[in-house]
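Q:
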């Protein structure tokens, strides 16, 4: 490993990596590069990496920005496969820096060199003690260094190493920490994808400010390794700050949320949450589903756990009848034999109570995970509880997460005991529950491995013409299996009258005028038109300058807005309840295309107003299955449409039997390929 | 202090309090009571508290439930003012236990003895080392015991002492920990209220499962001491578990939420959140408002802080122009001179950067609080940062909260330094922000001290008759200053026709039939009735069995549902957007009556669909001021109405100019006083 820009000067950043590599006993050769010093910290130094004895597996570049291109050229010449550019002064400083960055990336790519950074703090491989970093983390006198299977990747160096330091302190045993800075060549997601392939990797945590690389994200998810992301810029203010920090365009946060759900990746709400998930990922067992049993010695903890489960995508299992019957015989009368199961502090005088309860619960097929809660317990009582939880987890192969709401001074050995027993530990029931939810989501294999919904054979995947009219669009939709109202385009009053008659004597008439986007506002739509009125209405609509579409009038139903648009992450399907719901509440759900099996239903489940589909106020329930078919067909049709478009089906009316696309509009953004 | 049920038997609960009091050096006399032992742990024991040398200030009763009544009698006879009943076997076990509990409370009250418990773990006063508890907390070998100003009160003993142990471990310095168990006599809220009066009390934290005592809650808030509550049972499942745990009826969680907002009390989401708020309360400064400046050495932390501020009732201040101008000169070009202010890691080479930035920010009158963020910093760098933050907090008297996302091993002295400097410290920006929000809410003096809205002089505060009809109700509302449509009740067709003519030739006619609650569904409402149609419509409506109300037809507007009902916590006003919003989204806000200044506006701000009032789709904005007057007038009218009623104004239509109560219904629950 070469350190380009190494120096012996005390306090200089360029001294730190060499110092760290020496102090922590890097297993390979350390090659300091500095044109002015023949020796650095007792090691022979080289004027250029070209002159260093090869092969060089990794170069850490720490010279100032203007000297980076030459250093990159040197790495290419020396056949270095990967370089980490720690230097700043690139895209984050403005146009000039961006040009320099592009130049550096171009030279590296041409030479077959992959780059991490620039503007990062470096990377660490704990297993082989590759400390390619100047992070102050390793200045600490005593770094608790015990390599494990957790990968930590961060676009922010400070936060990444901050999180890593907390992971070390909390006994989470990271194996890799990589800061990727500006992601100029290799992105943070690509690093995660690569680390997921490491056999010893048990889970991955990341802090990200931009997520441009959705293909790598999908592949990362498909690796089967559990992943949690802390992505900042959720709010408008945060998003502005992120754009200013990274110089990159903000990712549409809602699109990202949809994609992560799709791929079974959990989005952490905070640093603790991220680390809590990492702790769960490090446990030896994976849940088969999302049904949780809570076993507690404190009634209060059980209630807090139940509250937290209700807020997560988990289920507080009602337990099998036989389980409840058995528990009723085991649990004291002032406890609770229902889930959350409160075995009470009686466990202190009868430790077998915990074993008997846990066995009964763990045997129950409706239990995928157990959350064990206790509060202030000291000394031997904690030992016994840990043994019980550990035995049950191992014997039944089900994850057991422990919420221990008590200080470490009560049981100083407990953290180590819990770790040794493979029991993830949390200071509160809610934190254990959130981590359990992430574990369940990751274990579900969620989106990445489910098959995408595909078009039925024989349907067309045409792309609309840039000036497609409503009737043209609807024909295209109909060919793709989407339900549109029967009707036809007419160009004189007699045809209009005939068409209304054909459709049963009452119909909807709509002006078809290329470029007229707001038909209703322009008076271009007439509903409930009878055969007798048809000629007059036709004349009025035709006066707007085009033809007229006569359509069968649909019965009442629940209206939704369904749309597909291209985004930097890919084509995205959005669904929301129509009218004021979308406008006042912004109540929409979205997913990247293609939808996969179950995605459409999950989207509807995310809508706050989804109860409307169930038929409130005595109305019949809406045909949700028909709506799901609309979403799936639309996915099959539009997944491969080229960028720069927006397709709006507004509204899609869901009836008590079936659904129908009442209106459709297609627009191209400026500069998009027509 | 007497310990009734004290014993020397190793491992027995009755041994622990005597043991703890001896070990930790209780400052008063310890009086073990046990009819069978003349001496316990070297202390003289007494057969009854009657025989112990008085005066006895506190008795801890640990005998089995059936012996508690006698122990209570003894305490009364001995003139003990307060007894803690730790024993279980009362209301939590069923009807028999509840009867025993009632008996015990009755005897105590008759004898002038106040009770805490039963079914609790006792209480601790750290200042005088009153360890009236058998909590295993004090079994630990080394309890970090440094009394401070924080009070911890919990209905759950296990969680209360669990939280207290974490508070001790995290250096929060509790002064009092009280578990109140079943709240049979003195409630947890009353204990909080009493502790708030202690001069040394700086803040109060509580874990609660039921909150019945709203008067004490209001008085607690009025004390001016900051309070945070962790109240479990938010979810349906949690609420069921809480009811099973406490035997008490669940509090309507939404009503409680409204009351807490009203009183400036923050509801913690979890144990960490509760302790984080306690940490903020312990700081020496109070913010004057909710405007926050973030000063960070890590761009990522700044973005996370901005995200968190957007989710809280805080404002990321845009800063004064002059401040931004000065910061632009101080902050490096690759940092950010906008809030969040990113001074970058350059601070490591130029420590004055932090001082200069902080001074500039702290001087700015738009800054009420500062959140300082840094990640991995070690040794002297941390010392310098802590000194800068501490100096600025003291010099400008503004709270500075520190988010240090890095392990303690990086700077082992940092926690103590931060504590000494009065700087609350958090492991992530989001946790600092949530604590800052609680501090701002508590400092605002929120509800408890704001004046209630009162009725204008001369308005009536009548209570409706139990069978009040819509016209009667509306007259009552109008007399209280609420806007109702002009109109009159008619009993024949000619009157109806004349009334429509008077109202401008088009009016609304409504059947007035006592007991007919669903008028619209019964065909009892006709809108847009012309003078010509009036007679016919009258006949149809009168056929339903009553008179007819003719009212002026109101223009279009935004419809809301406004209601007042009596609850165990008091009369509660609820407001929600009408129609599908209320039905599908349950989008309502509520407050206890009387509303105080600002409450009505805050309620509207909580509605997710509040944007509807702003006038979407080019509609005029609704007259929100008129709506606020409706809510305030309704509060003045109904605050003192006796229990057992429900008043629904559904809908209240808010126009572009004014608002009008279109319908009103009043119902009494069974058994309520008519």
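Chains as they are written, first to last, in the UniProt record's numbering: chain F, 1 to 674; chain V, 1 to 674.
Beta carbons: idealized from backbone N, C-alpha and C, even for Gly.
The structure displayed is predicted, hence computed values, not measured ones.
Under DSSP, the beta strand (DSSP E) around residue 63(V) begins and ends at which residues?
A: Premise fails: residue 63(V) is in no beta strand (DSSP E) and is neither H nor E.
Q: Given that a residue counts as buried once 16 or more other Cβ atoms are within 10 Å of its Cβ, and exposed if not, what is residue 197(F)?
A: With fewer than 16 other Cβ atoms within 10 Å, it is exposed.
Q: Buried or exposed: which applies to residue 385(V), given that a residue is buried once 16 or more other Cβ atoms fall within 10 Å of its Cβ?
A: Flag for residue 385(V) reads buried.
Q: Is DSSP giving residue 509(F) helix, strand or coil here?
A: DSSP places residue 509(F) in strand when its eight states are reduced to three.
Q: Is the number of C-beta pairs between the stretch 273–287 of chain F and the stretch 402–411 of chain F that are closer than 8 Å three or more?
A: Contact fails: fewer than three Cβ-Cβ distances are below 8 Å.
Q: Can you give me, in chain order, the residues of the stretch 145–167 of chain F that have a beta carbon less than 9 Å from any beta carbon in chain V?
A: For the stretch 145–167 of chain F, which is checked against every Cβ of chain V, the residues closer than 9 Å are 154, 155, 156, 157, 158, 159, 160, 161, 162, 163, 164, 165, 166, 167.
Q: Could you please give the first and the last residue of the uninterrupted alpha helix (DSSP H) stretch that includes residue 635(V)?
A: Unbroken alpha helix (DSSP H) run through residue 635(V): 624–638.
Q: Would residue 377(V) and residue 411(V) qualify as a contact pair, given that the criterion is a beta-carbon distance under 8 Å?
A: A contact, by the Cβ cut-off of 8 Å.
Q: If the cut-off is 8 Å on Cβ atoms, which residues from the stretch 311–340 of chain F count as contacting chain V, listed in chain order?
A: Here the close residues are 311, 316, 333, 334, 336, 338, 340.
Q: In whole angstroms, give me the CA-to-CA distance for residue 357(F) and residue 309(F).
A: So the alpha carbons of these two residues sit roughly 20 Å apart.
Q: Taking 8 Å as the threshold (beta carbon to beta carbon), is residue 405(V) in contact with chain F?
A: By this cut-off, residue 405(V) is an interface position.
Q: Apart from the five residues on each side of it in sequence, which residues of its chain come closer than 7 Å, Cβ to Cβ, to residue 531(V)?
A: Hits under 7 Å: 497, 500, 501, 505.
Q: Taking 7 Å as the cut-off, is the CB of residue 420(V) close to at least one heavy atom of the ligand NAD?
A: Only the bare structure without any ligand can be found here, which leaves the ligand NAD out of the picture.
Q: Just tell me which of 519(F), 213(F), 275(F), 183(F) has its CA closest to the CA of residue 228(F).
A: Cα-wise, what sits closest to residue 228(F) is 275(F).
Q: If the criterion is Cβ atoms closer than 8 Å, does the pair residue 594(V) and residue 656(V) meet it?
A: Not closer than 8 Å, so no.
Q: Quick one: which residues of the stretch 117–142 of chain V get their C-beta closer than 7 Å to a C-beta of chain F? List them in chain order.
A: Residues passing the 7 Å Cβ filter: 135, 136, 137, 139, 140, 142.
Q: For residue 540(V), tell me which candidate among 587(V), 354(V), 492(V), 551(V) has the shortest Cα-Cα distance.
A: If we check each option's Cα against that of residue 540(V), 492(V) comes out closest.
Q: Determine which residues share a DSSP beta bridge with residue 231(V) and list them.
A: Its beta-bridge partners are 208(V).
Q: Helix or strand or just coil, what does DSSP make of residue 659(V)?
A: Strand.
Q: Where DSSP assigns a beta bridge to residue 576(V), which residues make up the other side?
A: The partner list for residue 576(V) (beta bridge, DSSP) reads 561(V), 588(V).
Q: What does residue 408(V) reach in chain A if we use C-beta pairs closer than 7 Å?
A: The chain labelled as chain A is not found among the protein chains of the depicted structure, namely F and V.
Q: Which residues bound the alpha helix (DSSP H) around residue 603(V)?
A: Per DSSP, residue 603(V) belongs to the alpha helix (DSSP H) from 599–606.
Q: In three-state terms, what does DSSP make of residue 369(F)?
A: Here residue 369(F) sits in strand by DSSP.
Q: So that I know if they touch, is there some Cβ in chain V lying closer than 8 Å to that of residue 377(F)?
A: By this cut-off, residue 377(F) is an interface position.
Q: Using a beta-carbon distance cut-off of less than 9 Å, what residues from the stretch 426–445 of chain V approach chain F?
A: Against chain F - using a Cβ distance shorter than 9 Å - the residues of the stretch 426–445 of chain V are 427, 428, 429, 430, 431.
Q: What residue does the alpha helix (DSSP H) around residue 281(F) start on, and which one ends it?
A: Counting along the chain, the alpha helix (DSSP H) containing residue 281(F) begins and ends at 271–281.
Q: DSSP on residue 330(V), reduced to helix/strand/coil?
A: It is helical.
Q: Check distances from the C-beta atoms of the stretch 387–401 of chain F to those of chain V and list, in chain order, the residues that come in under 8 Å.
A: Listed by position along the chain: nothing, the set is empty.
Q: Is the Cβ of residue 209(F) closer than 8 Å to any Cβ of chain V?
A: Yes, residue 209(F) lies at the interface with chain V (some Cβ there is under 8 Å from its Cβ).
Q: Would residue 324(F) and residue 315(F) qualify as a contact pair, given that the criterion is a beta-carbon distance under 8 Å?
A: No, the Cβ-Cβ distance between residue 324(F) and residue 315(F) is not below 8 Å.
Q: Between which two residues does the beta strand (DSSP E) carrying residue 403(F) extend?
A: Element bounds for residue 403(F): 400–404.
Q: If you draw a straight line from the C-alpha of residue 217(F) to the C-alpha of residue 157(F), how long is it?
A: Rounded to whole angstroms, residue 217(F) to residue 157(F) spans 20 Å at the Cα level.
Q: Considering just the uninterrupted stretch of the alpha helix (DSSP H) at residue 24(V), what are its terminal residues?
A: Here the alpha helix (DSSP H) through residue 24(V) covers 16–24.
Q: Alpha carbon to alpha carbon, how far is residue 654(F) from residue 201(V)?
A: Each residue's Cα considered, the two are about 60 Å apart.
Q: With respect to the alpha helix (DSSP H) encompassing residue 174(V), which residues constitute its N-terminal and C-terminal limits?
A: Note, residue 174(V): premise wrong, no alpha helix (DSSP H); beta strand (DSSP E) at 174–179.
Q: Among all the DSSP beta bridges, which residues are the ones paired with residue 193(F)?
A: Answer by DSSP bridge pairing: none, since residue 193(F) is not bridged.
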